[in-house]
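S.K.: Here it is: the structure, laid out below.
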Amino acid sequence: MSAPYAFSEATTQRFEREVAKYPADQRQSAVMACLAIIQQEQGYVSPESEKALADYLGMPAIAVHEVTTFYNMYNQKPVGRFKINVCTNLPCQLRDGQSALEHLCKRLGVEEGETTADGVITLQQSECLGACADSPVLLVNDRKMCSFMDHQRLDALVELLKSQADSSR
């Protein structure tokens, strides 16, 4: 039997700063911030860390899992150095969002949800990113929005990300 999952002291201190923002009887309100901390430190949110966070916040494990699985900003498995989320919601599909995703799949040699063999890029589809008029639109590492991504701009983005990965090795 394996030992229970335990957070580091530094992680627990970061959790405490987030929990302190809410009334004592509403610790669970810090769940999203705590999940973000786990992901920053580990790269993804494992089932074991979900359970440990649930215990820490005093809430059911399924409630933490529901948050993790509802938002695609939480990785449930290891991802590449760069994660690209392409919006494929209906308004974006009508403006070539699906075509952008298919182009990237072909260009990278992966299916949606997979990571390139070199571990550099994970490609995912995404629900609405709130920029329908800018479609095709995608989000890199949950931080950088890229708009009007025709095939030429998609190819340039892939080359940029690969060169950044190569220069940091």
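My numbering applies: residue 151 is where the sequence shown begins, and numbers increase by one.
Virtual Cβ for every residue (Gly too), placed ideally from N, Cα, C.
Taking 8 Å as the threshold (C-beta atoms), are Phe232 and Ile187 in contact?
M.R.: no
S.K.: Of the residues Gly259, Ser179, Asp305 and Phe298, which one's Cα is nearest the Cα of Gln243?
M.R.: Phe298
S.K.: Based on DSSP bridge pairs, tell me the residues matched to Cys242.
M.R.: None, per the DSSP bridge assignment.
S.K.: Distance check for Tyr194 and Val308, CA to CA, integer angstroms please.
M.R.: 22 Å
S.K.: Roughly how many angstroms lie between the CA atoms of Gly259 and Thr266, to the nearest whole one?
M.R.: 7 Å
S.K.: Would you mind reading off the limits of the alpha helix (DSSP H) that contains Val214?
M.R.: Ala211 to Phe220
S.K.: At a threshold of 7 Å, does His253 count as lining the ligand NAD (C-beta to nearest heavy atom)?
M.R.: Ligands displayed in this structure: none; no statement on the ligand NAD is therefore possible.
S.K.: Compute the beta-carbon to beta-carbon distance between Ser276 and Asn222, rounded to the nearest angstrom, for a pair I have assumed lies under 8 Å.
M.R.: The beta-carbon separation of Ser276 and Asn222, rounded to 6 Å, stays under the 8 Å limit for a contact.
S.K.: How should Cys237 be labelled, buried or exposed, when 16 other C-beta atoms within 10 angstroms of its C-beta is the threshold for buried?
M.R.: buried
S.K.: Apart from the five residues just before and just after Leu254, which ones in its own chain have a Cβ nearer than 8 Å to its Cβ?
M.R.: Ile234, Val236, Leu273, Leu304 and Val308
S.K.: Count the other C-beta atoms from every protein chain shown that fall within 10 angstroms of the C-beta of Arg164, then say buried if there are 16 or more, exposed otherwise.
M.R.: buried
S.K.: Taking the straight line between their C-alpha atoms, what separation do you get for Met182 and Thr218?
M.R.: Going by the C-alpha atoms only, they are around 8 Å apart.
S.K.: With a threshold of 8 Å on Cβ separation, who are the neighbours of Glu168 within its own chain once the five nearest residues in sequence on each side are excluded?
M.R.: Ala180, Ala183, Cys184 and Ile187
S.K.: Pull the bridge partners of Leu288 from the DSSP assignment, please.
M.R.: Val236 and Cys296
S.K.: Would you tell me roughly how many angstroms separate the C-alpha atoms of Ala204 and Gly247, rounded to the nearest one?
M.R.: 36 Å
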